[in-house]
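A.B. asks: Take a look at the following structure, please.
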Ligand code: F6P
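Residue numbers (this note's numbering): 12 to 547.
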């Protein structure tokens, strides 16, 4: 696509629409004026109900956004992804995390015209997925049955950490009570140390999760864990009862590097699984151990249901498409630079951290897949904390601050074992906050004035079960795909993360060599202050 998104005819129409119809809109009045507003701007999708009616838009907005999506070839790119084409153009890779959760018989996508035209290689890939999945789930069941293993330590970072972590935390009610799960990601030794002080080698299974098996933090943590293991009774001898082979598993596409590290057991996956999209693959072994084979398949089934919805629903009722277009609308036409994620669920307390990588590492870019510089901003800053905690931290700013910040509420109809007063308070607070952002507070003195007219989306799950969670995460994956496709960027590479890694390597080398030629005074002084004993 050799043009930037502002060249699309619908782009100018959307700018005019914002100026003429939305900039001055009053949400409360919009509801009063249109009894159909709620019905037209909300919908049920698999496992997720979305009320998008408190957003600063209307049906004309959505119609123009749909035109923009059409002019930007979103559906064509979506189908190219489904066909296994190299949608990750800069790395020449397909993007097929959705294949990881497709049933052997292609499930709800078996009638999809693109799937029906699949190449033999795609059918073979699906077969490989299930062979690997069956092996992973078998291993998970073996670990679950092994009473000696009480602690599972996942060592990984980014997509090799955040996905498994958010799912294991969220599905606490489904987690095997006899196992304790630890997630070590930061290179700060305090994190690994905190865990190692609480586990014993003979009772611990270490999962070294790294797609590349080269990430510095993960490798250092894994080597330190290995040394701790050997220093505390473990053995490198495969025949020993407490051996590296029995207590370490590598989860990676780089099987050779795992073998070189000295890990005998490796679960592999493919380069067409992006790191931040990999929890459905072998990277999700900790999840499979936590919730078991059947519930892991439920997680996959929920995501697959959302996949089928995304790949097959008409635009006007395609929730990932609507949300992705809403993101473009807020970022490029309403000029809103961030989005607050407010999951009213303790179980979803790590969701925002997961979404930060998913959205900001996918779409925090300034050039198109064809190398054209973008004049328009892309990914919003994603931030937030669970409710009701956010109400006692930053909701003051959301209600009275100078910035209008769209809020995304996520709530559960069924609070599980904590139904009753706790759950009722939780959901009523979420609804009240969304209402307050919209209606504001007027005529009670300037201190209490809240402008109102502040937008929010409200996503509702029946309960926090594997299928619902799978659908919710898949919804966000596809939403990111949509906004990236409109912007014309490659949402599936992450070249920007290389600079920091490169400079860190150079600083280590300069510290060792003492050669600071050409290094700025600040960096040099900081290195001296932090890396040497002298206080000079
Ligand atoms: O942040 C850069 C990144 O490459 C992420 O995309 C990835 O999820 C993370 O580092 C970890 O990479 P790996 O799984 O290869 O260790």
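Heads up, the beta-carbon is just placed ideally off N, CA and C, and yes, glycines get one too. This structure is a prediction, so every number in the text was calculated from the model and none was measured.
Whole angstroms is fine: what's the gap from residue 378's alpha carbon to residue 247's?
C.D. replies: Against the chain shown, residue 378 aligns to sequence position 367. Against the chain shown, residue 247 aligns to sequence position 236. The alpha-carbon atoms of residue 378 and residue 247 are separated by roughly 48 Å.
A.B. asks: With respect to 7 Å, is the separation between the Cβ of residue 505 and the closest non-hydrogen atom of the ligand F6P below this value?
C.D. replies: The residue given as residue 505 occupies position 494 in the chain shown. Yes - the ligand F6P has a heavy atom lying nearer than 7 Å to the Cβ of residue 505.
A.B. asks: Can you tell me whether residue 449 is buried or exposed, with buried defined as 16 or more other CB within 10 angstroms of its CB?
C.D. replies: Residue 449 sits at position 438 when you count from the first residue of the chain shown. Buried: at least 16 other Cβ atoms inside 10 Å.
A.B. asks: Taking 7 Å as the limit between beta carbons, can you name the residues of its chain near residue 203, skipping five residues before and five after?
C.D. replies: For the purposes of this step, residue 203 is taken as residue 192 along the chain shown, with counting starting at 1. Cβ within range, chain order: 195, 232, 235 and 236.
A.B. asks: Under 8 Å, with one C-beta from each stretch per pair, do the region 270-281 and the region 253-261 reach the 3-pair mark?
C.D. replies: Contact between the region 270-281 and the region 253-261 is present, because at least three Cβ pairs lie under 8 Å.
A.B. asks: Between which two residues does the alpha helix (DSSP H) containing residue 54 stretch?
C.D. replies: As a position in the chain shown, residue 54 is number 43, starting the count at 1. From DSSP, residue 54 is part of no alpha helix (DSSP H) but of the beta strand (DSSP E) over 53-56.
A.B. asks: Run through DSSP, which three-state label would residue 534 get?
C.D. replies: By one-based count along the chain shown, residue 534 stands at place 523. Helix.
A.B. asks: With the cut-off set at 8 Å, would you say residue 481 and residue 330 are in Cβ contact?
C.D. replies: Within the chain shown, numbered from 1, the residue matching residue 481 stands at position 470. Within the chain shown, numbered from 1, the residue matching residue 330 stands at position 319. No; because the gap between Cβ atoms is not below 8 Å, this pair is not in contact.
A.B. asks: Taking 7 Å as the cut-off, is the C-beta of residue 274 nearer than that to any heavy atom in the ligand F6P?
C.D. replies: Here residue 274 corresponds to residue number 263 of the chain shown, with the count starting at 1. Result no, Cβ not under 7 Å from the ligand F6P.
A.B. asks: Go through its chain and collect everything with a Cβ distance to residue 461's Cβ below 6 Å, but skip five positions before and after it.
C.D. replies: Residue mapping note: residue 461 aligns to position 450 of the chain shown, counting from 1. For residue 461, where only same-chain residues beyond five positions count, the Cβ hits under 6 Å are 410, 411, 451 and 452.
A.B. asks: Using only the alpha-carbon positions, how far apart do residue 531 and residue 200 sit?
C.D. replies: Here residue 531 is taken as the residue at index 520 of the chain shown, counted from 1. Here residue 200 is taken as the residue at index 189 of the chain shown, counted from 1. Each residue's Cα considered, the two are about 28 Å apart.
A.B. asks: Can you tell me the Cα-Cα spacing of residue 297 and residue 356, whole angstroms?
C.D. replies: Sequence index remark: in the chain shown, residue 297 carries index 286 (1-based). Sequence index remark: in the chain shown, residue 356 carries index 345 (1-based). Rounded to the nearest angstrom, the two C-alpha atoms are 22 Å apart.
A.B. asks: Quick one: does the C-beta of residue 222 sit closer than 7 Å to a heavy atom of the ligand F6P?
C.D. replies: Working through the chain shown from its first residue, we reach residue 222 at position 211. Flag set: Cβ of residue 222 near the ligand F6P.
A.B. asks: Would you list the residues sitting across from residue 393 in a DSSP beta bridge?
C.D. replies: Taking the first residue of the chain shown as position 1, residue 393 is located at position 382. Paired residues: 350.
A.B. asks: Compute the distance between the beta-carbons of residue 497 and residue 150, then report whether it is under 8 Å.
C.D. replies: By 1-based counting over the chain shown, the position of residue 497 is 486. By 1-based counting over the chain shown, the position of residue 150 is 139. In this structure, residue 150 does not lie closer than 8 Å to residue 497 by Cβ.
A.B. asks: Leaving out five residues on either side along the sequence, give the residues of the same chain with a beta carbon under 8 Å from the beta carbon of residue 371.
C.D. replies: Within the chain shown, residue 371 is the residue found at index 360, counting from 1. The answer, listed in chain order, is 390, 392 and 393.
A.B. asks: According to DSSP, what are the bridge partners of residue 260?
C.D. replies: Translated into the one-based positions of the chain shown, residue 260 becomes position 249. Answer is 218 and 276.
A.B. asks: Please indicate yes or no: does the CB of residue 526 lie closer than 7 Å to some heavy atom of the ligand SAM?
C.D. replies: Here the bound small molecules are the ligand F6P; the ligand SAM is not part of this structure.
A.B. asks: List the residues that DSSP assigns as beta-bridge partners of residue 193.
C.D. replies: Mapped onto the chain shown, residue 193 falls at position 182. The partner list for residue 193 (beta bridge, DSSP) reads 164.
A.B. asks: For the ligand F6P, is there any heavy atom lying closer than 7 Å to the beta carbon of residue 297?
C.D. replies: In the chain shown, the residue the question calls residue 297 occupies position 286. Checking every heavy atom of the ligand F6P against the Cβ of residue 297, none is found closer than 7 Å.
A.B. asks: Where in the region 408-446 do unbroken runs of the beta strand (DSSP E), each at least 3 residues long, occur, reported from the N-terminal end onward?
C.D. replies: Runs found: 418-423.
A.B. asks: I need the boundaries of the alpha helix (DSSP H) containing residue 59, first residue and last residue.
C.D. replies: Along the chain shown, one-based indexing puts residue 59 at 48. Per DSSP, residue 59 belongs to no alpha helix (DSSP H); it is in the beta strand (DSSP E), 59-62.
A.B. asks: Curious, which full-length alpha helix (DSSP H) runs of at least 4 residues does the region 302-358 contain?
C.D. replies: The qualifying runs are 330-339.
A.B. asks: For residue 211 and residue 318, what's the separation of their Cα atoms in angstroms?
C.D. replies: Locating residue 211 in the chain shown gives position 200, where the first residue counts as 1. Locating residue 318 in the chain shown gives position 307, where the first residue counts as 1. Answer to the nearest angstrom: the Cα atoms are 41 Å apart.
A.B. asks: My output table needs one value for residue 461: the three-state DSSP class, helix, strand or coil.
C.D. replies: Numbered from its first residue, the chain shown carries residue 461 at position 450. Three-state result, residue 461: strand.
A.B. asks: Just the C-alpha distance for residue 15 and residue 87, rounded to the nearest angstrom, thanks.
C.D. replies: Within the chain shown, numbered from 1, the residue matching residue 15 stands at position 4. Within the chain shown, numbered from 1, the residue matching residue 87 stands at position 76. About 17 Å.
A.B. asks: Return helix, strand or coil for residue 246, following the three-state DSSP convention.
C.D. replies: Your numbering for residue 246 matches position 235 in the chain shown. Residue 246 falls in the strand class under three-state DSSP.
A.B. asks: Does the distance from the C-beta atom of residue 229 to that of residue 167 stay below 8 Å?
C.D. replies: On the chain shown, position 218 is the one that residue 229 refers to. On the chain shown, position 156 is the one that residue 167 refers to. The answer is yes: Cβ separation under 8 Å.
A.B. asks: Under 8 Å: do the region 158-166 and the region 349-363 share three or more Cβ pairs, one atom per stretch?
C.D. replies: Not touching, per the Cβ criterion.
A.B. asks: CB-CB under 6 Å to residue 13, same chain, minus the five flanking residues each way: which ones, in chain order?
C.D. replies: Counting from 1 along the chain shown, the entry for residue 13 is found at position 2. Excluding positions up to five away in sequence, the list reads 381.
A.B. asks: Among 36, 541, 89 and 454, whose alpha-carbon lies nearest the alpha-carbon of residue 326?
C.D. replies: One-based indexing of the chain shown puts residue 326 at position 315. Selected option, being the one with the closest Cα: 89.
A.B. asks: Specify, as a first and last residue, the run of the alpha helix (DSSP H) that residue 39 falls within.
C.D. replies: Position 28 of the chain shown, counted from the start, is the residue given in the question as residue 39. Residues 38-44.
A.B. asks: Buried or exposed: which applies to residue 501, given that a residue is buried once 16 or more other Cβ atoms fall within 10 Å of its Cβ?
C.D. replies: Taking the chain shown and counting its residues from 1, the one referred to as residue 501 is at position 490. The residue is buried, with at least 16 neighbouring Cβ atoms inside 10 Å.
A.B. asks: Report yes if the C-beta distance between residue 301 and residue 179 is below 8 Å; otherwise report no.
C.D. replies: The residue labelled residue 301 in the question sits at position 290 within the chain shown. The residue labelled residue 179 in the question sits at position 168 within the chain shown. Their beta carbons are under 8 Å apart, which means residue 301 touches residue 179 by this criterion.
A.B. asks: Look up residue 378 in the DSSP assignment and give the residues it is bridged to.
C.D. replies: Numbered from its first residue, the chain shown carries residue 378 at position 367. 384, per the DSSP bridge assignment.
A.B. asks: Can you give the Cα-Cα distance for residue 299 and residue 171, rounded to whole angstroms?
C.D. replies: Along the chain shown, one-based indexing puts residue 299 at 288. Along the chain shown, one-based indexing puts residue 171 at 160. Rounded to whole angstroms, residue 299 to residue 171 spans 14 Å at the Cα level.
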